[in-house]
Amino acid sequence: MEQRLTNSWVAFISGSILEIQDLNLQDNKTSHYVKPGEWDDLLYPAFDAAIKPASAEILNGLYTSKRLLAIVDKSQILGVAKAFLDLTYTNSQKSLPGAIDESIERVTWW
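Residue numbers (this note's numbering): 2 to 111.
Dropping the structure here:
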């Protein structure tokens, strides 16, 4: 399987995390709609929904969604997703882009 992250995916991931930070912050700018420990109920169904479109992207659709699900490490992927989401609580809007870049550089499986 491909073990790389394209520039377009880096931009997509970064943009998504920035948008999540913005959307998750309540109007009072001090509390969040989704608290740090509440992401599992959202991430598991999102992961399952993402398998089919991901299978079309990887190696030009070589893997069916069922085959891709069998070969990816769901817990590792969800762990990375949670780590990115955690950045939205520990970084300001100004510092978040740099923190995302640093985190992307540390992930070794892509």
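Think of the CB as a built atom: it goes at the ideal place given N, C-alpha and C, for glycine as much as any other residue.
Under 8 Å between C-beta atoms of residue i and residue j
i     : j      : result
LEU88 : ILE105 : no
ILE59 : LEU70  : no
GLN22 : GLN94  : yes
SER15 : PRO98  : yes
The alpha helix (DSSP H) enclosing residue i, as first and last residue numbers
i     : result
THR91 : 75-91
SER42 : In the sequence as displayed, the identity of residue 42 is Asp instead of Ser. Run containing ASP42: 41-58, per the alpha helix (DSSP H) assignment.
LYS30 : Premise fails: LYS30 is in no alpha helix (DSSP H) and is neither H nor E.
PRO98 : 97-107
LEU70 : 66-72
Beta-carbon separation (whole angstroms), residue i vs residue j, contact threshold 8 Å
i     : j     : result
PHE48 : LYS75 : 6 Å
VAL35 : LEU43 : 7 Å
Beta-carbon contacts of residue i that lie in its chain and below 7 Å, excluding the five residues immediately before and after
i     : result
VAL81 : VAL108
TRP40 : LYS83, LEU86
GLY62 : SER56
Beta-carbon contacts of residue i that lie in its chain and below 8 Å, excluding the five residues immediately before and after
i     : result
TYR90 : HIS33, PRO37
THR65 : SER56
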